[in-house]
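> The opening residue of the sequence shown carries number 2 in our numbering; numbering runs sequentially from there.
For each residue, glycine too, the CB sits at the ideal point set by N, CA and C.
Provided herewith is a single structure, encoded as structure tokens, for subsequent inquiry.
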Amino acid sequence: MIPFIRNENMKIYKRKRTWAMIAIVLLYILLQIVNLKTAGDSKPDDNWRAHLEQENMELRKDAAKPDALNIEIKQAEINILLNQYYLNRDIPPSTNAWSFAVKQVLNIIFAASLISVIITGEIVAAEFASGTIKLLLTRSANRTKIYLSKYVAAILFGVLLSLAGVLVSILLGGVIFGFDGLADSYYYVKDQVVREVPTLQALLAGYVLNIPFLLIVTTLAYMISAAFRSMTFSIVISLLVSLIGFVMSIAMDGWAWTKYFVFSHTDLTQFLYGNPSVDGVTLGFSLVFIGLHLAVMHLISYPSFVKRDVV
């Protein structure tokens with residue numbers, strides 16, 4: 002099994018377009034740093050208290066608008082509580098390598114997931130389209146081993162790419178903002194109360210607890226790739242579903258029906274550093290719901306792969 006996984010990884014990383022897409026993720030991180038630096042928000046100035054008070058006034062106005070979305074109101078309330086916490090305790094907000102990475106980890110995993118979708122979308126469909134699948138089937142391994150090795154390789158690619166993105170964000174963030182602040186606290190709002198945890202803990206939890214999004218979209222792309230011969234179809238449909246699902250989970254946050262929308266469960270940080278988007282939803286429910294979706298997708302893709310005619 003391991004030799005087949007190694008073989009799939011070699012095929013992924015030897016392609017020039019793979020490295021080009023990896024570079025896109027790294028470029029995104031650099032652009033975020035440049036944007037933050039040019040905006041002047043990386044270090045507090047002498048008027049930071051006045052800036053936070055002004056920001057709270059604007060947040061209250063935005064939350065009071067009749068057309069404000071639930072997510073906008075919720076985020077405004079969180080930011081107001083955090084700003085007031087900084088004011089009350091005389092804590093000037095600033096950015097360092099670690100706080101920057103914590104804020105960017107969700108976006109990094111999202112970007113890495115989209116790249117993973119493209120790679121995964123062709124990992125099976127391209128083999129059948131080009132006829133190279135015949136070479137794999139002439140070996141001693143059966144189709145089940147080939148199926149699993151390709152899936153594991155696709156997941157590993159996404160996990161490693163997102164991990165590399167987080168590490169690069171720390172490195173570049175440290176060069177620009179400094180590496181101080183690892184011992185600082187990460188502040189968050191849960192049950193309308195500002196709480197704190199070590200920054201490193203928040204970073205690790207943010208990475209691990211957002212991996213379900215990567216698993217869902219990569220498995221979706223793998224299912225479509227295994228079920229259809231068209232590489233373009235599998236990539237386009239998977240990207241559309243991933244993008245629409247991600248946007249809907251944010252825009253419709255808090256709506257009761259989103260309890261049964263899988264993309265509302267892929268960010269598990271809500272159970273540690275916030276509140277569930279829908280009342281009554283538990284961590285166990287989200288994990289089971291995600292597991293069921295993964296199982297259903299494999300129940301569709303596995304029979305399609307093992308029974309497909311290669312002649």
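(1) Is it true that the CB of ASN57 sits closer than 8 Å to the CB of ASN84?
(2) Between which two residues does the alpha helix (DSSP H) harbouring SER163 extend?
(3) On the premise that LEU107 lies in contact with ASN80, defined as a C-beta separation below 8 Å, what is that separation, rounded to the nearest angstrom?
(4) If distances are taken between C-alpha atoms only, which option among ILE3, THR19 and GLY292 comes closest to VAL263?
(5) Of all the alpha helix (DSSP H) runs that stay within the bounds of the segment 185 to 248, which reach a length of 4 or more residues?
(6) Could you check how far apart the C-beta atoms of SER114 and THR200 are, in whole angstroms? I think they sit under 8 Å.
(7) Over the uninterrupted alpha helix (DSSP H) stretch that includes GLN85, give me the two end residues.
(8) If you draw a straight line from the alpha carbon of ASP63 to that of PHE180, how long is it in whole angstroms?
(9) Taking only three categories from DSSP, how would you classify SER305?
(10) Can you say whether THR233 is buried or exposed, counting buried as having 16 or more other CB atoms within 10 angstroms of its CB?
(11) When the distance is taken between beta carbons, is ILE109 closer than 8 Å to SER163?
(12) Taking the C-alpha atoms as reference points, what is the distance between THR270 and ILE225?
(13) For a quick check, are the C-beta atoms of SER316 and ALA222 less than 8 Å apart?
(14) Can you tell which of LEU161, ALA21, TYR187 and SER305 has its C-alpha closest to the C-alpha of LEU204?
(15) List the endpoints of the continuous alpha helix (DSSP H) containing ARG61.
(16) Taking only three categories from DSSP, how would you classify TRP256?
(17) Please classify GLY275: does DSSP put it in a helix, a strand, or coil?
Let me lay it out:
(1) For the purposes of this step, residue 84 is identified with residue 83 of the sequence shown, where counting begins at 1. For the purposes of this step, residue 57 is identified with residue 56 of the sequence shown, where counting begins at 1. Yes, they are a contact pair.
(2) As a position in the sequence shown, residue 163 is number 162, starting the count at 1. Unbroken alpha helix (DSSP H) run through SER163: 144 to 178.
(3) Taking the sequence shown and counting its residues from 1, the one referred to as residue 80 is at position 79. Taking the sequence shown and counting its residues from 1, the one referred to as residue 107 is at position 106. That pair is no contact at about 16 Å.
(4) Here residue 263 refers to the residue found at position 262 when the sequence shown is read from its first residue. Out of ILE3, THR19 and GLY292, GLY292 has the C-alpha closest to the C-alpha of VAL263.
(5) 200 to 209 and 212 to 228
(6) As a position in the sequence shown, residue 114 is number 113, starting the count at 1. As a position in the sequence shown, residue 200 is number 199, starting the count at 1. With a Cβ gap of about 24 Å, SER114 and THR200 do not count as contacting.
(7) The residue given as residue 85 occupies position 84 in the sequence shown. Residues 71 to 89.
(8) Taking the first residue of the sequence shown as 1, we reach residue 63 at position 62. Taking the first residue of the sequence shown as 1, we reach residue 180 at position 179. Using only the alpha carbons, I get a separation of about 35 Å.
(9) By one-based count along the sequence shown, residue 305 stands at place 304. Correct three-state label for SER305: helix.
(10) Here residue 233 refers to the residue found at position 232 of the sequence shown. Label assigned to THR233: exposed.
(11) Numbered from its first residue, the sequence shown carries residue 163 at position 162. Numbered from its first residue, the sequence shown carries residue 109 at position 108. Yes, Cβ-Cβ distance for SER163 and ILE109 is below 8 Å.
(12) As a position in the sequence shown, residue 270 is number 269, starting the count at 1. As a position in the sequence shown, residue 225 is number 224, starting the count at 1. If you take the alpha carbons of THR270 and ILE225, they lie about 29 Å apart.
(13) Because the chain is modelled from 2 through 312, residue 316 falls outside the range shown and cannot be assessed.
(14) Numbered from its first residue, the sequence shown carries residue 204 at position 203. Nearest of LEU161, ALA21, TYR187 and SER305 to LEU204, Cα basis: TYR187.
(15) Counting from 1 along the sequence shown, the entry for residue 61 is found at position 60. 49 to 64 is the span of the alpha helix (DSSP H), which, as asked, contains ARG61.
(16) Here residue 256 is taken as the residue at index 255 of the sequence shown, counted from 1. Coil.
(17) On the sequence shown, position 274 is the one that residue 275 refers to. Correct three-state label for GLY275: coil.
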